[in-house]
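So the protein sequences, as listed, match chains P and W.
Counting in this note's numbering, the first sequence runs from 1 upward without gaps.
Counting in this note's numbering, the second sequence runs from 1001 upward without gaps.
Virtual Cβ for every residue (Gly too), placed ideally from N, Cα, C.
Reading through the structure tokens given below for one structure.
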Amino acid sequence: MMQTLKEYVKKVKSGELIAVRPPADRALAVKLVNDCDLLRLKVIARLHGRSLPPDVSWADLLQEAFARVLDGSRAIPPQVPAVAFLAGVMRSIKAEHWRRRRRANQQQPALAGEYQVVAADWTEACDPHPDPERWLIASQQLAAVGMLFAQDAVALQIIAGLGDGLTAEEIRRTLGMGKTDYDSARKRMRRALIRAGLTMGVPQ
Amino acid sequence: MSVRPDVGLERLIHGLEQELLGAPDEEFIAGAHDLGMNPQMKGSAAFLGVKNLTPQLLAALHRAYAEQRNPSREGAEGEVDQNAADPEHSDT
């Protein structure tokens, strides 16, 4: 393993290590996206990172989405904004990872069996094969997202509504809020999400 | 939330993703500035993992550096170098 960051940089400069240009940076160079789009996609990737299997990072997800668009394996349809399309590609890559994971878990019948005993009471009938690992990650991440808005009771109610699959209008009606109050709560939520998505170090 | 956690989390992420897709650019720039980052600066920490080193590689490098400085702590996997969390170290 490389001993220091300085040494790594030295090796890259001397050509001993090839500095690979990340796909996102290449997309910027060909003007597929701009700097602000990259910030937006980073925040979205970190959001999706909350429901990824542990061996995949948000950065992997983001770079893979760019790589697929750049190599032509996912073509952006006309009239679809690149950022929205890339977000969709990230979603589908995430689903692929979980499918792969599920196939691997099928080789662990003992663990799955034990889990069923615990989960049987509150498992939705629509999905007969809940993934224990995914369940655990989701519980932890729902709590983590809740912590982001711990001081904002309205935001917590909106989150609960989104988790229940309600639309913005349905949530607003359910909460009996005026449009202005609702919009300002959404703005506070976006601000917290953006901070969490751009911050470094400890994941939030 | 009245659904299974994995279902609820995916719905929540989808809803929040839509919020982020519709947010004005200024909110992202302001968010970066709030954290002491300047996205207009080349090599800004705001783009860590996007245009440059991934957080995983950076963390591995920090760990390797810490091990070299203090071999007795070797093998302390998973520790986070707090300096890595400080944007000023990368943005200034």
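- Message: Can you pull the chain W neighbours of serine 184 of chain P, defined as C-beta to C-beta under 8 angstroms?
- Response: For the purposes of this step, residue 184 of chain P is identified with residue 184 of the first sequence, where counting begins at 1. By Cβ distance, chain W contributes nothing, its closest Cβ being about 13 angstroms from serine 184 of chain P, past 8 angstroms.
- Query: Taking the Cβ atom as the reference point for each residue, do valine 43 of chain P and glycine 146 of chain P lie within a distance shorter than 7 angstroms?
  - Reply: Numbered from 1 along the first sequence, position 43 holds the residue referred to as residue 43 of chain P. Numbered from 1 along the first sequence, position 146 holds the residue referred to as residue 146 of chain P. No, they are not a contact pair.
- Cβ of glutamine 227 of chain P less than 7 angstroms from any chain W Cβ? Absent from the structure is residue 227 of chain P, since the part of chain P shown begins at 1 and ends at 204.
- First and last residue of the uninterrupted alpha helix (DSSP H) at asparagine 105 of chain P: As a first step, residue 105 of chain P is located in the first sequence; it is residue number 105 there, counting from the start. Unbroken alpha helix (DSSP H) run through asparagine 105 of chain P: 82-105.
- Task: With 7 angstroms as the limit, tell me which residues of the region 152-169 of chain P have their beta carbon closer than that to any beta carbon of chain W; keep them in chain order.
- Result: Ile159, Ala160, Leu162, Gly163, Asp164, Gly165
- Query: Roughly how many whole angstroms lie between the Cα atoms of tryptophan 58 of chain P and serine 139 of chain P?
  - Reply: Indexing the first sequence from 1 puts residue 58 of chain P at position 58. Indexing the first sequence from 1 puts residue 139 of chain P at position 139. Distance between the alpha carbons of tryptophan 58 of chain P and serine 139 of chain P: 18 angstroms.
- Nearest CA to the CA of alanine 87 of chain P: which residue from P:Arg172, P:Val30, P:Leu38? Residue numbering aside, residue 87 of chain P sits at position 87 when the first sequence is read from its first letter. It is P:Leu38.
- Determine the extent of the alpha helix (DSSP H) in which alanine 155 of chain P is found, giving its start and end residues. Position 155 of the first sequence, counted from the first residue, corresponds to residue 155 of chain P. Unbroken alpha helix (DSSP H) run through alanine 155 of chain P: 153-163.
- Find the residues of chain P that neighbour methionine 1041 of chain W, judging by a C-beta separation of less than 9 angstroms, and give them in chain order. Translated into the one-based positions of the second sequence, residue 1041 of chain W becomes position 41. Under the 9 angstroms cutoff, chain P gives no residues; its nearest Cβ is about 11 angstroms from methionine 1041 of chain W.
- Item | Residue burial classification, lysine 1051 of chain W (beta-carbon count within 10 angstroms, cutoff 16) | Position 51 of the second sequence, counting from 1, holds the residue named residue 1051 of chain W. Counting Cβ neighbours within 10 Å, lysine 1051 of chain W comes out buried, since at least 16 surround it.
- Task: Look at aspartate 131 of chain P and arginine 102 of chain P and say whether their C-beta atoms are less than 7 angstroms apart.
- Result: For the purposes of this step, residue 131 of chain P is taken as residue 131 along the first sequence, with counting starting at 1. For the purposes of this step, residue 102 of chain P is taken as residue 102 along the first sequence, with counting starting at 1. Yes, Cβ-Cβ distance for aspartate 131 of chain P and arginine 102 of chain P is below 7 angstroms.
- Message: I'd like to know if tyrosine 115 of chain P contacts chain W, where contact means its C-beta is closer than 7 angstroms to some C-beta of that chain.
- Response: The count along the first sequence starts at 1 and reaches residue 115 of chain P at position 115. Residue placement at tyrosine 115 of chain P cannot be trusted, given a pLDDT of 48 that sits under 50; what the coordinates show is reported in the next sentence. Interface with chain W (7 angstroms Cβ-Cβ cutoff): tyrosine 115 of chain P is excluded.
- Message: Any beta carbon from chain W within less than 7 angstroms of leucine 38 of chain P's own beta carbon?
- Response: In the first sequence, residue 38 of chain P corresponds to position 38, counting from 1. Closer than 7 angstroms to some Cβ of chain W, the Cβ of leucine 38 of chain P qualifies, so yes.
- For chain W, is any of its Cβ atoms less than 7 angstroms away from the one on valine 43 of chain P? By 1-based counting over the first sequence, the position of residue 43 of chain P is 43. Yes, valine 43 of chain P lies at the interface with chain W (some Cβ there is under 7 angstroms from its Cβ).
- Task: Quick one: list the residues of chain P neighbouring glycine 1031 of chain W, beta-carbon separation under 7 angstroms, in chain order.
- Result: As a position in the second sequence, residue 1031 of chain W is number 31, starting the count at 1. Arg191, Ile194, Arg195, Leu198, listed in chain order.
- Task: For tryptophan 98 of chain P, decide whether its Cβ has a neighbour in chain W, counting only Cβ atoms nearer than 7 angstroms.
- Result: For this step, residue 98 of chain P is matched to residue 98 along the first sequence. Tryptophan 98 of chain P does not count as touching chain W.
- Counted within 10 angstroms of its Cβ, other Cβ atoms place glutamine 141 of chain P as buried (16 or more) or exposed: As a first step, residue 141 of chain P is located in the first sequence; it is residue number 141 there, counting from the start. Burial call: buried.
- Since leucine 1020 of chain W and leucine 162 of chain P are thought to touch, with beta carbons under 8 angstroms apart, how far apart are those beta carbons, to the nearest angstrom? One-based indexing of the second sequence puts residue 1020 of chain W at position 20. One-based indexing of the first sequence puts residue 162 of chain P at position 162. 13 angstroms between Cβ atoms; not a contact.
- Pairing CB atoms from the region 181-190 of chain P with CB atoms from the region 151-171 of chain P, are three or more of them under 8 angstroms? yes
- Query: arginine 21 of chain P: which of W:His1014, W:Leu1048, W:Arg1011, W:Ile1029 sits nearest, CA to CA?
  - Reply: Here residue 21 of chain P refers to the residue found at position 21 of the first sequence. The residue with the shortest Cα to Cα distance from arginine 21 of chain P is W:Leu1048.
- Item | First and last residue of the uninterrupted alpha helix (DSSP H) at glycine 1008 of chain W | Residue 1008 of chain W sits at position 8 when you count from the first residue of the second sequence. Where glycine 1008 of chain W is concerned, the enclosing alpha helix (DSSP H) stretches over 1005-1022.
- Give the single residue among P:Arg172, P:Ile171, P:Arg195 whose Cα lies nearest to the Cα of leucine 148 of chain P. Here residue 148 of chain P corresponds to residue number 148 of the first sequence, with the count starting at 1. With distances taken between Cα atoms, leucine 148 of chain P lies closest to P:Arg195.
- Message: Residues of chain W with CB closer than 8 angstroms to the CB of leucine 47 of chain P, please, in chain order.
- Response: The residue labelled residue 47 of chain P in the question sits at position 47 within the first sequence. Residues of chain W passing the Cβ test: Ile1013, Leu1016, Glu1017, Leu1020.
- Query: First and last residue of the alpha helix (DSSP H) that includes valine 43 of chain P?
  - Reply: Within the first sequence, residue 43 of chain P is the residue found at index 43, counting from 1. Here the alpha helix (DSSP H) through valine 43 of chain P covers 35-49.
- Query: When DSSP labels each residue in this structure, what does leucine 166 of chain P get in the three-state scheme?
  - Reply: As a first step, residue 166 of chain P is located in the first sequence; it is residue number 166 there, counting from the start. The answer is coil: DSSP assigns leucine 166 of chain P none of H, G, I, E or B.
- Query: Can you tell me the Cα-Cα spacing of serine 73 of chain P and histidine 1033 of chain W, whole angstroms?
  - Reply: Looking up residue 73 of chain P in the first sequence gives position 73. Looking up residue 1033 of chain W in the second sequence gives position 33. Approximately 36 angstroms, taken between the alpha carbons.
- Item | Given asparagine 34 of chain P as reference, the closest of W:Gly1022, W:Pro1039, W:Gly1015, W:Gly1031 once Cα atoms are compared | Taking the first sequence and counting its residues from 1, one reaches residue 34 of chain P at position 34. Checked all of W:Gly1022, W:Pro1039, W:Gly1015, W:Gly1031; the closest Cα to asparagine 34 of chain P is W:Pro1039.
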